[in-house]
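Heads up: the sequence shown runs through residues 30 to 272, numbered per the working numbering.
Glycine residues also receive a C-beta, built at the ideal position from the N, C-alpha and C atoms.
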Amino acid sequence: MIPKDHPRYRSLMVRERLSQCAKEGIVALEGLAAHGRGEAFDYLLGERTTPSALQAARTAAALLLTADRAVISVNGNTAALATAEVGALARASGAAVEVNLFHRTEERIRRITALLEEHGVDVLTGTPERLIPLSHDRAWCLPEGIGSADVVLVPLEDGDRCAALRAMGKQVITIDLNPLSRTARTATLTIVDELTRALPNITAACSELDSGTAARLAGSLDNAYLLRAAIEEIQERLDHALD
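Next comes the structure, spelled out in structure tokens:
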């Protein structure tokens, strides 16, 4: 048992959740290492949503609302940590939800889909095709999902799929705690924030933005500016870390 007064209670509970989901076949073991890498960058941010991340979340909402066909791509870590948040965002934005995995097996697809559905998420199902130009299993997606999307939200992304989706002409929104990663620099829009903080911020913005404001925000997107701002926020925190 982890005492609630432990200073790292939330972080430890997240690790426990990921560990349990790994045992259940929802999270790949490699996903545990990926989470730890992200958590290290969250320390640099002060484990908080920065002003640039909040601006990026509002812009992400604008892209989702103005899309012809928006899809939220879900992997094992996202399903383990943010099922409710994914469902809320899907309802607020009108985006579809599709499971897409690097370590893909039909059993993992089934387990992750079942977990999402238990939390009221309507998950796309069907016969996947190898539509994304990649040599690994993330190439497999649904023609009526990611295959036909113009905007794809890919939380906890990897760089090669992000680049492949961009090459297909799609706008890619990613949530990545590392502003220097290949994913962050390749995406159309990067939210430098922790998953369970970022998703509710996007959802809230979806409910607040009118069509005109959403169109203006989407049209003024400058990801390079947002990444520079995130790096400056980290630098400022480091400068004052020992004050």
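*asked:* Considering only their Cβ atoms, is the gap separating I161 from A124 smaller than 7 Å?
replied: No, the pair does not count as a contact, with Cβ atoms beyond the cut-off.
*What is the DSSP secondary structure of R98, reduced to helix, strand or coil?*
coil
*Does the distance from the CB of A178 to the CB of R120 come in under 7 Å?*
no
_Within the continuous beta strand (DSSP E) that includes A125, where are the two ends?_
A125 to V128
*Would you mind working out which of L185, G248, A258 and E53 sits nearest L83, comparing C-alpha positions?*
A258
_Whether or not the region 165 to 176 and the region 126 to 136 are in contact is what I'm after, with contact meaning three or more pairs of Cβ atoms, one per stretch, closer than 8 Å; do they touch?_
yes
*C-alpha distance - E223 paired with T107, whole-angstrom precision*: 11 Å
*asked:* Among R226, E45, I31 and L73, whose alpha-carbon lies nearest the alpha-carbon of D268?
replied: L73
*Using the rule of at least 16 other Cβ atoms within 10 Å of the residue's Cβ for burial, across every protein chain shown, is S210 buried or exposed?*
buried
*Provide the residue span of the beta strand (DSSP E) that contains T219, from first to last.*
L218 to I220
*Can you check DSSP and say which residues form a bridge with L182?*
I101 and I202
*Name, in chain order, the residues that DSSP records as bridge partners for E158.*
Its beta-bridge partners are C170.
*Given a threshold of 16 other Cβ atoms within 10 Å of its Cβ, counted over all protein chains shown, does I31 qualify as buried or as exposed?*
exposed
*With distances taken Cα to Cα, identify the nearest neighbour of L163 among G188, V183, R87 and I263.*
Out of G188, V183, R87 and I263, the CA that lies nearest to the CA of L163 is found in G188.
*Within the same chain, show all residues whose beta-carbon is closer than 8 Å to that of S146, passing over the 5 residues directly before and after it, in chain order.*
Looking at the sequence provided, one finds Glu at residue 146 rather than Ser. The answer, listed in chain order, is V152.
*Answer yes or no: do L174 and V100 have a C-beta to C-beta separation smaller than 7 Å?*
Looking at the sequence itself, residue 174 is Gly, so the reference to Leu does not match. At the C-beta level, G174 and V100 come within 7 Å of one another.
*Close Cβ partners of G75 (< 8 Å) along its chain, the five nearest in sequence each way excluded*: R266
*Exposure of P172, with buried meaning 16 or more beta-carbon neighbours within 10 Å*: exposed
*By Cβ distance below 6 Å, which residues in the same chain neighbour A216 in space, the five residues on each side in sequence not counted?*
C191, V201 and T203
*asked:* Only counting the same chain, and skipping five residues up and downstream in sequence, which positions put a Cβ closer than 7 Å to that of A91?
replied: L238, A243, L246 and A247
*Going by DSSP, name the residue or residues bridged to V115.*
None; V115 has no bridge partner.
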